[in-house]
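Peer 1: The structure that follows is given in the form of structure tokens.
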Amino acid sequence: MRILIYTGKGGVGKTGICSATAVKAASLGYKTIVMSTDQAHSLSDAFEMKIGASPVPVAERLDAIEIDPAVESERTWGNLKDYLRQIIEEKSGASLAAEEALIFPGLEELSSLLRILDFCQQNTYDVMIVDCAPTGETLSLLRYPEQLRVFTDKVLPMVRSFNSALGGLISRATTVPKPRDAVFEEMDRLVKRLNELQLILRDRNTTSLRIVMTPESIVVTEAERCYTWLNAFDFGVDAVYVNRIYPPEATEGNFAGWADMQEQSLRRIEKSFADQAVFRLMLQDREIRGLNTLEDVAGQLYSGEREDPTAVFCHQESYTVVRDPADGSWVMTIRLPQLEREDISVGKEEGDLILGICNQTRRFHLNDQCGRREISGWEYGDGLLRIVFGA
Amino acid sequence: MSRIIIFTGKGGVGKTSVAAAHALRSAREGKRTLLVSADMAHNLGDVFEVETGGRQTRIEDNLTILELDPGRIMREEFPDLNRAIVEMISTKGKLAGDVSSQFMIPGFENLFSLLKIRNLYDEGRFDRIFVDCAPSGETLSLLKLPELLTWYMEKFFPVGRAMTRVLSPVAKRRYKVKLPDSEAMDQVALMHRKLVELQELLKDPAVSSVRLVGLPEKMVNEETKRDYMYLNLYGYHVDRVFINRVLAPQPDNPFMENWREIQAQYIREMESVFMNVPITEIPWYPEEIRGIAAVERLCDALPPNETLFGAGTDAADIEGGRTLWGAETYDVTEDGYCLKLGVPGVGKVTVLREDEETCAGEAAVLRGDEETCAGEAAAENGSGGETVLTVRKNGLDLDIKADNVLRRIPLPGTLQAAAIKGAYIEDGELRILFSNQ
Chain A
0 MRILIYTGKG GVGKTGICSA TAVKAASLGY KTIVMSTDQA HSLSDAFEMK IGASPVPVAE
60 RLDAIEIDPA VESERTWGNL KDYLRQIIEE KSGASLAAEE ALIFPGLEEL SSLLRILDFC
120 QQNTYDVMIV DCAPTGETLS LLRYPEQLRV FTDKVLPMVR SFNSALGGLI SRATTVPKPR
180 DAVFEEMDRL VKRLNELQLI LRDRNTTSLR IVMTPESIVV TEAERCYTWL NAFDFGVDAV
240 YVNRIYPPEA TEGNFAGWAD MQEQSLRRIE KSFADQAVFR LMLQDREIRG LNTLEDVAGQ
300 LYSGEREDPT AVFCHQESYT VVRDPADGSW VMTIRLPQLE REDISVGKEE GDLILGICNQ
360 TRRFHLNDQC GRREISGWEY GDGLLRIVFG A
Chain B
0 MSRIIIFTGK GGVGKTSVAA AHALRSAREG KRTLLVSADM AHNLGDVFEV ETGGRQTRIE
60 DNLTILELDP GRIMREEFPD LNRAIVEMIS TKGKLAGDVS SQFMIPGFEN LFSLLKIRNL
120 YDEGRFDRIF VDCAPSGETL SLLKLPELLT WYMEKFFPVG RAMTRVLSPV AKRRYKVKLP
180 DSEAMDQVAL MHRKLVELQE LLKDPAVSSV RLVGLPEKMV NEETKRDYMY LNLYGYHVDR
240 VFINRVLAPQ PDNPFMENWR EIQAQYIREM ESVFMNVPIT EIPWYPEEIR GIAAVERLCD
300 ALPPNETLFG AGTDAADIEG GRTLWGAETY DVTEDGYCLK LGVPGVGKVT VLREDEETCA
360 GEAAVLRGDE ETCAGEAAAE NGSGGETVLT VRKNGLDLDI KADNVLRRIP LPGTLQAAAI
420 KGAYIEDGEL RILFSNQ
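In the order they appear, the protein sequences are chains A and B. If you're matching positions, the first sequence starts at 0 in numbering that gives the first Met the number 0 and goes up one per residue. If you're matching positions, the second sequence starts at 0 in numbering that gives the first Met the number 0 and goes up one per residue.
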């Protein structure tokens, strides 16, 4: 199965582009599903029909589904939630605010993304197109399993054995109920599934990430940041989309200045995303809704050499590791576009590389050659971080 | 007493510019004004065209700006907590290289920024503090955090602390995990106390209010609605909504004129959601807001200072009797929840199924087809002049219609799957029963 994930800031018109792409893929003969993880049920709007939490046919060979984050999160960590609910209700009684406090936006989205894994395992579609929820950097949530590895490998088993030995005692002393084993099993299972999902999402031939933006400087800045992030976490971006480019007839009179600004942003996009396929879509004369409009937009986006939206438009590894024959050291090169040197910090711990990027850390598991050497230096330039592992 | 005004809304809607315009107005009124950015993607410096380097930077008389660095706040104010977390997650007890100095608990950035705002308030050097807050989703999940932590802290913390002391040697020997020591635990308690104080401050309507910034677009509206719902639910005081980038009539530009009409629908939807909150429309200046002159232009679109900086919502500022509608509250019932809402002079209420829509339906009101609707509504309400409310669940929202007025209430996540079991009027309040079954 081919997985295309559309991401980008809210309000850039992701859903329209996603839906048009799905219509195109289906028209080329692929059995396609388009999935939205967004609470705001925007696919229903785009296709002008009621779409629910199970797949609904919306066109020939095309199904659509709107994930209900509440249902998914119950499925994913219902037990943990029940446990937290017990603690809260014990303290302050039931209330709607208490119930809502158990909904964490980021975590809800993460459990929605696990549905990708389900569809992948069922293998009934050729292409899956995902309209990612606009809040937060959803995909960066996938770094949690990596950061939590220490917790799940060490802390969780410890807490669990303390819990079975002393849980009754603690529970009596605190009047906090002792968590059932199911809570721990659920967390184990969750981490396992997240890891499986990560593997699928990191496979360049299966999954491509596509960033949607509008030609406005603040949106472009955000898209650049997102691009850096996705590279740092080793996800494959193969195209970017510039939506809502004002056509000449729109920038008459008052809006002449807007045309210049837009032109500047477009030039910047060409530079920042030089390796990527850049798709452009004009601001339409209406909102992008209904099958006819979607077909029309699909035609504007995909033609000629770029007829097939399921192609991998840019195949690029986030990092490479090579041996320097001169002195026998190993050099790891990581693509980290658009950063400043002071945004980056590099460290090593046992076999892992610890990379700090603007207040966030990522843990890379190194190959043996690098893992047993120490870092002898690093440099950053031209969007590349080069780390040298001494001879 | 100083005032704190927090600006939030989806990224890219012009939150920073609106906050900057407020601050400039305030400073020129002679008030000592601080404009703080708690957004990780700072752009205050860009708006005023200065390098701030993370320090308080003077822009002109009475106006200071500050971009907060949450990592620094955590390291400086909670050093033991920072150390304990780094020790717990790393295998050797120390993160290699300079990484540990950059480590931040994932998702906690905004929290540390907010804690700093409390300090700035206590120092009392400013009459007004304006906060440019991170895009909404993240901010809101943090607003819930003190609640969750309180429940946990009061129950579990004292015993957990004693337990940690006892278990710490075992953890270290058998599991190679370094549990937080008592200095770190002290700081957890300190952080919690500060959070509770911060929350009290931010929920005190005499001191703090929240202003939402949106754009007249479908997806932005959706998010602005949800933000408002959560802020209400958690007891924050939203006292104004700004709709940015509103197109002026474009007689010579039919393409944009068409978009102006699309915008108008979304503005009407906002009016139906923010029934009791004043709305300010800000015209679209087709340029980026950079430099004092651009901020000054934006100031012209804001209401007068007494309206802008006074505490509490000024009813006179809301047109068309929208204030007659109250804000919704929720009670727990046996099998679900009861939504309560103050409504103006209503006799009866009918509940429609989700798939029903009459001509006088919600969509028509938002389209602005007033005449057709008025006719039908008059026929419906024919006898005795008593207003009949219709209530209908509409996707994630609840639509309540009286004559030509539509009130749209975004529902909390918990109620989105629930069914309406019934509705009635009692004590001048509309009560709607939601059932989980």
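Ideal placement from N, C-alpha and C gives every residue a C-beta, glycine not left out. Predicted, not measured: the structure shown is a model, and the values here were computed from it.
I need the boundaries of the beta strand (DSSP E) containing lysine 347 of chain A, first residue and last residue.
Peer 2: Segment 343-348, the beta strand (DSSP E) holding lysine 347 of chain A.
Peer 1: Could you name the residues of chain B that leucine 384 of chain A contacts, counting a contact when the two beta carbons are closer than 7 angstroms?
Peer 2: Here the premise fails: no neighbours, minimum Cβ distance about 13 angstroms.
Peer 1: Who are the Cβ neighbours of glycine 355 of chain A in its own chain at under 6 angstroms, not counting the five residues just before and after it?
Peer 2: For glycine 355 of chain A, where only same-chain residues beyond five positions count, the Cβ hits under 6 angstroms are Ser344.
Peer 1: Measuring only between beta-carbons, confirm whether glutamate 216 of chain B sits less than 7 angstroms from chain A.
Peer 2: Yes, glutamate 216 of chain B counts as interfacial toward chain A.
Peer 1: Cβ of isoleucine 4 of chain A within 7 angstroms of Cβ of leucine 208 of chain A?
Peer 2: Yes. Within cutoff.
Peer 1: Can you give me the Cβ contacts of cysteine 132 of chain B inside the same chain, cut-off strictly under 7 angstroms, excluding the 5 residues immediately before and after it?
Peer 2: Result list for cysteine 132 of chain B: Ile5, Phe6, Thr7, Ala37, Asp38 and Thr138, in chain order.
Peer 1: Buried or exposed for glutamate 216 of chain B, going by 16 or more other Cβ atoms inside 10 Å?
Peer 2: Glutamate 216 of chain B is buried by the Cβ-count criterion.
Peer 1: Determine, using beta carbons only, whether valine 209 of chain B and tyrosine 235 of chain B come nearer to each other than 7 angstroms.
Peer 2: Yes, the Cβ-Cβ distance between valine 209 of chain B and tyrosine 235 of chain B is below 7 angstroms.
Peer 1: In whole angstroms, what is the alpha-carbon distance linking threonine 36 of chain A and valine 350 of chain B?
Peer 2: Roughly 30 angstroms between the two C-alpha positions.
Peer 1: Closer than 7 angstroms, Cβ to any Cβ of chain A: which residues of the region 248-260 of chain B, in chain order?
Peer 2: Against chain A - using a Cβ distance shorter than 7 angstroms - the residues of the region 248-260 of chain B are Asp251, Asn252, Phe254, Met255 and Asn257.
Peer 1: Three-state secondary structure (DSSP) at arginine 82 of chain B?
Peer 2: Of the three classes helix, strand and coil, the one that applies to arginine 82 of chain B here is helix, per DSSP.
Peer 1: By the DSSP assignment, the alpha helix (DSSP H) with proline 253 of chain B in it spans what residues?
Peer 2: Taken as a continuous stretch (DSSP letters only), the alpha helix (DSSP H) holding proline 253 of chain B covers 253-272.
Peer 1: Should proline 179 of chain B be flagged as near chain A, meaning a C-beta pair shorter than 7 angstroms?
Peer 2: No, no contact with chain A.
Peer 1: Considering only C-alpha positions, which residue in the set A/Gln315, A/Glu348 and A/Asp130 is nearest to threonine 332 of chain A?
Peer 2: Answer by Cα proximity: A/Gln315.
Peer 1: Whose C-beta lies closer than 8 angstroms to the C-beta of valine 55 of chain A among residues of the same chain, with five residues either side of it excluded?
Peer 2: Hits under 8 angstroms: Met48, Lys49, Asp62, Ala63 and Ile64.
Peer 1: Only counting the same chain, and skipping five residues up and downstream in sequence, which positions put a Cβ closer than 7 angstroms to that of glycine 381 of chain B?
Peer 2: Any reading at glycine 381 of chain B is ruled out, since the residue's pLDDT is 47, under 50, leaving its predicted position unreliable.
Peer 1: With DSSP as the reference, label histidine 364 of chain A as helix, strand or coil.
Peer 2: Histidine 364 of chain A falls in the strand class under three-state DSSP.
Peer 1: Mind checking tyrosine 423 of chain B: buried by the 16 CB within 10 Å criterion, or exposed?
Peer 2: With fewer than 16 other Cβ atoms within 10 Å, it is exposed.
Peer 1: Name, please, each residue of chain B whose Cβ falls closer than 7 angstroms to the Cβ of isoleucine 50 of chain A.
Peer 2: Residues of chain B passing the Cβ test: none, with the nearest at roughly 11 angstroms.
Peer 1: Would DSSP call phenylalanine 47 of chain B helix, strand or coil?
Peer 2: In the structure shown, phenylalanine 47 of chain B sits in a helix (DSSP, three-state: H, G or I).
Peer 1: Please return the same chain residues whose Cβ sits closer than 8 angstroms to the Cβ of cysteine 298 of chain B, not counting the five positions on each side in sequence.
Peer 2: Excluding sequence neighbours, cysteine 298 of chain B sits near Ala20, Leu23 and Arg24.
Peer 1: Would you say serine 43 of chain A and leucine 293 of chain A are within 7 angstroms of each other, going by their C-beta atoms?
Peer 2: No, Cβ-Cβ distance for serine 43 of chain A and leucine 293 of chain A is not below 7 angstroms.
Peer 1: Return the bridge partner residues of valine 209 of chain B from the DSSP annotation.
Peer 2: The partner list for valine 209 of chain B (beta bridge, DSSP) reads B/Ile5 and B/Val237.
Peer 1: Am I right that alanine 286 of chain B and methionine 260 of chain A are in contact with their C-beta atoms under 8 angstroms? What's the rounded C-beta distance?
Peer 2: At residue 286 of chain B the sequence reads glutamate, which differs from the alanine that was named. Yes, glutamate 286 of chain B and methionine 260 of chain A are in contact; Cβ-Cβ is about 7 angstroms, under 8 angstroms.
Peer 1: Buried or exposed for aspartate 351 of chain A, going by 16 or more other Cβ atoms inside 10 Å?
Peer 2: Buried.
Peer 1: Check whether chain C comes within 7 angstroms of threonine 163 of chain B, counting only Cβ atoms and requiring the distance to be less than that.
Peer 2: In the structure shown, chain C cannot be found, because the protein chains are A and B.
Peer 1: Helix, strand or coil for phenylalanine 232 of chain A, going by three-state DSSP, please let me know.
Peer 2: Phenylalanine 232 of chain A falls in the coil class under three-state DSSP.
Peer 1: Which chain A residues sit within Cβ distance under 7 angstroms of proline 168 of chain B?
Peer 2: By Cβ distance, chain A contributes nothing, its closest Cβ being about 13 angstroms from proline 168 of chain B, past 7 angstroms.
Peer 1: I'd like to know if glutamate 286 of chain B contacts chain A, where contact means its C-beta is closer than 7 angstroms to some C-beta of that chain.
Peer 2: At least one chain A Cβ lies under 7 angstroms of glutamate 286 of chain B.
Peer 1: Any beta carbon of chain A sitting closer than 7 angstroms to that of valine 237 of chain B?
Peer 2: Answer no: the Cβ-Cβ gap between valine 237 of chain B and chain A never drops below 7 angstroms.
Peer 1: Are there 16 or more other CB atoms within 10 angstroms of the CB of leucine 198 of chain A, so buried, or fewer, so exposed?
Peer 2: By the neighbour-count rule (16 or more Cβ atoms within 10 Å), leucine 198 of chain A is not buried but exposed.
Peer 1: Below 7 angstroms on C-beta distance, what does asparagine 253 of chain A contact in chain B?
Peer 2: By Cβ distance, chain B contributes Pro285.
Peer 1: Which same chain residues, not among the five before or five after valine 49 of chain B, have their C-beta less than 8 angstroms away from its C-beta?
Peer 2: Excluding positions up to five away in sequence, the list reads Thr56, Ile58 and Ile64.
Peer 1: Hey, would you say glutamate 185 of chain A sits closer than 7 angstroms to tryptophan 76 of chain A, going by beta carbons?
Peer 2: Cβ distance < 7 angstroms, so glutamate 185 of chain A and tryptophan 76 of chain A count as in contact.
Peer 1: How long is the line joining the alpha carbons of valine 311 of chain A and glutamate 195 of chain A, rounded to whole angstroms?
Peer 2: Cα to Cα, valine 311 of chain A sits roughly 22 angstroms from glutamate 195 of chain A.
Peer 1: When the Cα atoms are used, what is the spatial distance from methionine 269 of chain B to isoleucine 374 of chain A?
Peer 2: In a straight line, the C-alpha of methionine 269 of chain B is about 56 angstroms away from that of isoleucine 374 of chain A.
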